[in-house]
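S.K.: Residue numbers (numbering that gives the first Met the number 0), protein chains in the order written: chain A, 0 to 337; chain B, 0 to 337; chain C, 0 to 337; chain D, 0 to 337. Supplied in structure tokens, the structure appears directly below.
Number of protein chains: 4
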Amino acid sequence: MKRKLGVGIIGAGRIGRVHAETVAFRLPEAELRAIADVNRQAAGDVAERCGIPRVAAHASEIFASPDVEAVLICSSTDTHSELVMQAARAGKHIFCEKPVDHNLARIDLALEAVRQAGVKLQVGFNRRFDANFARVRQAVAGGEIGEPHRIHIISRDPAPPPVSYIKVSGGIFLDMTIHDFDMARFLMGSEVEEVYTAAGVMVDPAIGEAGDLDTAVVVLRFENGAIGTIDNSRRAVYGYDQRVEVFGSAGSIATANNFPNQAVVSTAREVRRDLPLHFFMDRYTESFANELRAFAEAVVEDKPTPVNGADGRAPVVMGLAARKSHDERRPVKLAEIG
Amino acid sequence: MKRKLGVGIIGAGRIGRVHAETVAFRLPEAELRAIADVNRQAAGDVAERCGIPRVAAHASEIFASPDVEAVLICSSTDTHSELVMQAARAGKHIFCEKPVDHNLARIDLALEAVRQAGVKLQVGFNRRFDANFARVRQAVAGGEIGEPHRIHIISRDPAPPPVSYIKVSGGIFLDMTIHDFDMARFLMGSEVEEVYTAAGVMVDPAIGEAGDLDTAVVVLRFENGAIGTIDNSRRAVYGYDQRVEVFGSAGSIATANNFPNQAVVSTAREVRRDLPLHFFMDRYTESFANELRAFAEAVVEDKPTPVNGADGRAPVVMGLAARKSHDERRPVKLAEIG
Amino acid sequence: MKRKLGVGIIGAGRIGRVHAETVAFRLPEAELRAIADVNRQAAGDVAERCGIPRVAAHASEIFASPDVEAVLICSSTDTHSELVMQAARAGKHIFCEKPVDHNLARIDLALEAVRQAGVKLQVGFNRRFDANFARVRQAVAGGEIGEPHRIHIISRDPAPPPVSYIKVSGGIFLDMTIHDFDMARFLMGSEVEEVYTAAGVMVDPAIGEAGDLDTAVVVLRFENGAIGTIDNSRRAVYGYDQRVEVFGSAGSIATANNFPNQAVVSTAREVRRDLPLHFFMDRYTESFANELRAFAEAVVEDKPTPVNGADGRAPVVMGLAARKSHDERRPVKLAEIG
Amino acid sequence: MKRKLGVGIIGAGRIGRVHAETVAFRLPEAELRAIADVNRQAAGDVAERCGIPRVAAHASEIFASPDVEAVLICSSTDTHSELVMQAARAGKHIFCEKPVDHNLARIDLALEAVRQAGVKLQVGFNRRFDANFARVRQAVAGGEIGEPHRIHIISRDPAPPPVSYIKVSGGIFLDMTIHDFDMARFLMGSEVEEVYTAAGVMVDPAIGEAGDLDTAVVVLRFENGAIGTIDNSRRAVYGYDQRVEVFGSAGSIATANNFPNQAVVSTAREVRRDLPLHFFMDRYTESFANELRAFAEAVVEDKPTPVNGADGRAPVVMGLAARKSHDERRPVKLAEIG
């Protein structure tokens, strides 16, 4: 990669700032050219911090910039599909945060726009680029554990988001489990046919009052016959709990959490260590850098992106099915969703 | 406990021999008085090994022996409920291997006989007496992890039994998962209301041809709102995989497997340790001794047994429901079973 | 092994009781015939507990018993060498607790008596029979880690013995480190040529006032060029700390402590587990059974004992050298001791 | 920190490049202004990679640059003390790689120059800024393990450097152990009074022929009475082995190695994980960024540097004493060295 990839960022919220810092300080292969946010102050702060030369008034200004080859769509979820379509029409390569949309029809329109424009699209399922989960994928794909029979994914947040966010989040399955649905497909290398959900409100009644759930088990039946389970909670008091175990005919692979240090203290009371990393940014720092590096590489070297439009769509189908299963208390085939 | 409890054993197969050795060599509080088995040779061998003074021709001979206060029923499952009834009528205290029966009606008859005779009955769910699982129970009961939301039980055998055994085993749910059903109730301190099964034949097609399954996930909904998952396989090539994780509002407790030693070898290829214990007897040695010690104590000190008749019945109901769920591909309420 | 080995025990203190229980309840190959202790009450209690038919007034009575083929010498250290000589002259096979004596000349007399009588002698270095350390030996002997360069032995007691015991203990090197000296020789399969000691009184000044040390590092230079370090403390508040690491040209092997269970609790404060086993009997239960089993087998099958007289002598030489090194603050060659 | 610290780098070898990348991509608080190296090509490559505007012909050019406030001395060890003096006279703040010099007299001259100039000096003992070791320091300083009695430092390289480097390295104690000497002082918060060395050539005879050692144990006696041991090898085939254990009156703290991922694979042969990080840059990436961040902060906020001149001198004294102890086979007091 000789030339630097010109990048524009849309959205200066939490994840937008993360990606801006990654491009600025971790990714010599790319260069930030402009940033846009309805909150001009937020955009300005990120621009100053990361040395971005231009703060745009609207996303459209970025789409119109000739020095921007690729855009990172980091705005709120309800704007994603529309922005993807605009970016595609402007001929920009697109990195879009997950989920592309809560609505399948709009996802399909966006993907169609991308297809017609012939631009690249990568969806922000960063966990594929985490060292632990990449190692699991390597084991499964390389036959290290034989034919996979089972996958168990534990994914628990340290604390629930504010109820105000819960209300616009699309629900636990589209907001949180969606990462795990992606993990399931990615790690097993097989599509899911049917889901069954057992879920409830155990963490905070306000989440239930908002119509959502905070604790869920989703059982997955894969096309290859394997069985998956996803174990979600909106609150693990001990930190960010992110583990996977795949069991197969020749063995198993299981990951542990990441800790801030490897020290163990033994006292007269107990043997203890510090809590696992709490904040998703600390836990997944490297994966964010890795996913953008892979995106930049795909664009510059004209290769397929590692997480494409279909990868963005499938977990949304799974999320809709999971909710339907909960509502109807029965297993639901993905074919029922669309 | 001053006096020694006089014990008779019915059944000199694998588990009968285990219990005989435990009483002979690990349990100073009890004394073996007689053993019976249709296979006289087997009974004789155990008697010689363990210093049992009398080899009885039939179980009835043991029931008629005045120096036998308590019997250990270790014969094949299809004889359990009948022997429990005979023992009860003979006024003997009873330790009966799991399951009491595959048939609920016969279990009920047996439990009624026990009730009428006023003898003590303990069912052989030895895992309650394992140090790991006892510690989990302690954490849950003591509030160490707050209100329990989830339990995940991994229970995988090193290798499947012969297909000839599979055919008379009652199926994976009554033969293998039954232990995990007991663990679920014991560890959570709550009854299960509904189960959902996702299962298949992944280990050996012959098991499927025998009408059974070898890989199963069972989802449990508890009365207290918690959600359980049981993860079974008839073959974990790396050994006997027996783990539990309970997650709650104030934390989690998770157990690891038991290993033959605590040595870790680091070489130019990998960091490795020896496989977990393979054989159930090595893994659960102490629990077998502990359960008989608890039984002897309950008899001698006239206390309730720690695993009673209702504890013997409930997991059978769960097993029948789990199979029904698999057959009908829907969640099944235990109330549907009886 | 068809016949049962007839065993007599001399000494009904802590370790005598341990061995009595092992023979009674764990070792079907042997049978207790008699026990002697100056404290008749103690001997009687053990006899009752373990079903020993005869309580002897003196050790000499045991030596004179034709039904006793082998004796376990478990009395206080100052009586060991004299009892070994008497037992040898009486033609009894001998299991003698460590150390054989604090005095090399008396050890030599005892070993000579054993040699002349042609009886077997095993010295009670039980740790060789522990699963962790046996695994380390296997790795070193089998070349799993290549040529060994370094051994590091951590050996810390949960709490110091009473000062009254310290005063007659022979000092930390002959009382405590002696086990580690044996481990060093056993695990490395090489003799030590020189030691250097850095030690002090850090746990309890009363130990220093009694002329002893409570914290010590002993550096060992082996004949094969390897370097060893022993790390002793009389008090590890978190429990019995017993670990070994051997590092070699092709890798390393390291053991962890043994814990009462494999449960890990994660809370809002920390990730913790229960303390390692505290009591030496809990930690080394199996090794005590294994060493007596090996002794019984050596006698009955007329094989060499796995820990012979020379193995009993060498660690005493090392202990004397370690103290001399401390006193003179210089490395001391074992050849200086004798 | 508002303004950006202007930084010049002297030396574009391995460590120079590391620091350049850190400043360029990880340290928004500082800015690279110039780089110098006798190898112009190397300097040019780093400049291009890291966006350094000026490649200087000599270090003197950097010292003369008004926009350079601080210099990072990353050239070969034999030039360090002279460059420190020149930088000090030029009024530049100084970050100097370890060791400052192999010769104490020259170190003293350099420190005197720094003192007279009133500039800041930080010596490159990066491990103090590693999360594991920082956690150990926190535990010791905070009394979490009580009064420290023992420290054991394991420090093994994955592979020895070329013999050509060994010859100019100053020997294992000044090249490699020097980091561990710093760790010992830093972690224990106490000075060392005496050292004793047991060392040899076990990895490669060529190292011995070059007059150096490749395997060493150094025993440390601290002023506070504690005892330290350092365990060095030039080759650990399984990777970079960097661990510390401190044992005290109220407990212990021990660190494990860092691994590329947290995955464990269980197969029919073993339970294994991937090797620990091999390359020092992977292992200590964060510590390099942290130490420069601390240096920049000390300069900009006019605070003392966290690793000062005395911290640079003391480990050299220890290294000279350790070699003398090896040569004379006796414990050596640091007071003998100077």
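Backbone N, C-alpha and C fix where the C-beta goes; we use that ideal spot for every residue, glycine too.
Run the CB neighbour count on A:S163, radius 10 Å, all protein chains shown included, and call it buried at 16 or more, exposed below.
M.R.: exposed
S.K.: Is it buried or exposed, B:E327, if we count other Cβ atoms within 10 angstroms and call 16 or more buried?
M.R.: exposed
S.K.: Just verifying my parser: in three-state terms, what is the DSSP assignment at C:N231?
M.R.: strand
S.K.: Which one or two residues does DSSP pair with C:V347 in a beta bridge?
M.R.: The first residue shown for chain C is 0 and the last is 337, placing residue 347 of chain C beyond what the model contains.
S.K.: Can you list, in chain order, the residues of the region 245-265 of chain A whose Cβ is nearer than 7 Å to any Cβ on chain C?
M.R.: Result list: S265.
S.K.: Go to D:D240, then tell me how far its beta strand (DSSP E) extends in each direction, as first and last residue.
M.R.: 240-247
S.K.: List, in chain order, every chain A residue whose beta-carbon is nearer than 7 Å to that of C:H281.
M.R.: The sequence as given places Asp at residue 281 of chain C; His does not occur at that position. The contacting residues do not exist; C:D281 stays about 16 Å from chain A at best.
S.K.: Between A:D211 and chain D, is there a C-beta pair that is closer than 9 Å?
M.R.: no
S.K.: So which residues on chain A does C:D273 lean against when the C-beta distance must stay under 8 Å?
M.R.: E269, V270
S.K.: Within 8 Å, do at least three Cβ pairs link the region 252-272 of chain C to the region 261-277 of chain A?
M.R.: Yes, they touch.
S.K.: Using a Cβ cut-off of 9 Å (strictly closer), state whether B:N289 contacts chain C.
M.R.: Answer no: the Cβ-Cβ gap between B:N289 and chain C never drops below 9 Å.
S.K.: Using a cut-off of 7 Å between C-beta atoms, extract the partners of B:Y237 located in chain D.
M.R.: S265, T266, A267, V270
S.K.: Just to confirm my understanding: we take D:T304, look at its own chain, exclude 5 residues before and 5 after, and list those with CB closer than 7 Å. What are they?
M.R.: K119, L120, Q121, F294, A297
S.K.: Looking at the C-beta of D:P157, does it have a partner C-beta in chain E at a distance below 9 Å?
M.R.: Going by chain labels, chain E is absent from the structure shown, which instead holds the protein chains A, B, C and D.
S.K.: Is DSSP giving C:V135 helix, strand or coil here?
M.R.: helix
S.K.: Should C:K166 be labelled buried (16 or more other beta-carbon atoms within 10 Å of its own) or exposed?
M.R.: Exposed is the call here.
S.K.: Give the straight-line distance between the Cα atoms of B:G145 and A:V315, rounded to the nearest whole angstrom.
M.R.: 33 Å
S.K.: What are the partner residues of B:Q121, as DSSP defines its beta bridges?
M.R.: B:F94
S.K.: Between B:S74 and chain A, is the shortest Cβ-Cβ distance under 9 Å, so that the two count as touching?
M.R.: Not one chain A Cβ lies under 9 Å of B:S74.
S.K.: In the DSSP assignment, find the beta strand (DSSP E) that holds A:A334 and state where it starts and stops.
M.R.: Run containing A:A334: none; DSSP gives neither H nor E here.
S.K.: Among D:N102, D:R105, D:R88, D:V83, which residue has its Cα nearest to the Cα of D:E376?
M.R.: The question about residue 376 of chain D has no answer here: the residues shown for chain D are numbered 0 through 337.
S.K.: Any chance the CB of D:A225 is under 8 Å from a heavy atom of the ligand FAD?
M.R.: Because no ligand of any kind appears in the structure shown, any question about the ligand FAD cannot be addressed here.
S.K.: For D:L103 and D:G318, I'd like the C-alpha separation in whole angstroms.
M.R.: 11 Å
S.K.: Terminal residues of the continuous beta strand (DSSP E) containing C:Y237?
M.R.: Unbroken run through C:Y237: none, as it is neither H nor E.
S.K.: Could one say the Cβ of B:S232 lies closer than 9 Å to chain A's Cβ atoms, at least one of them?
M.R.: Put simply, the CB of B:S232 is near chain A, with a gap under 9 Å to one of its CB atoms.
S.K.: Going straight from the alpha carbon of B:H151 to that of B:A253, what length do you get?
M.R.: 9 Å
S.K.: Which one or two residues does DSSP pair with C:Y283 in a beta bridge?
M.R.: None, per the DSSP bridge assignment.
S.K.: Where DSSP assigns a beta bridge to B:S154, which residues make up the other side?
M.R.: B:N231, B:Q241
S.K.: Under 7 Å, CB to CB, which of the residues in the region 171-202 of chain C have a partner in chain D?
M.R.: Y195, A197, G199, M201
S.K.: Terminal residues of the continuous alpha helix (DSSP H) containing B:F258?
M.R.: Careful: B:F258 lies outside any alpha helix (DSSP H) and carries neither H nor E.
S.K.: Within the continuous beta strand (DSSP E) that includes D:L4, where are the two ends?
M.R.: 4-9
S.K.: Can you tell me whether D:L31 is helix, strand or coil according to DSSP?
M.R.: strand
S.K.: Report all residues from its chain with a CB closer than 6 Å to the CB of A:G15; omit the five preceding and five following residues, and keep chain order.
M.R.: I8, C73
S.K.: Counting contacts by CB-CB distance shorter than 9 Å, is D:A225 in contact with chain C?
M.R.: yes
S.K.: Going by beta-carbon coordinates alone, are D:P160 and D:S168 separated by less than 9 Å?
M.R.: yes
S.K.: Closer than 9 Å by beta-carbon distance: list the chain C residues that pair up with D:T304, in chain order.
M.R.: Chain C residues near D:T304: none, gap ~33 Å exceeds 9 Å.
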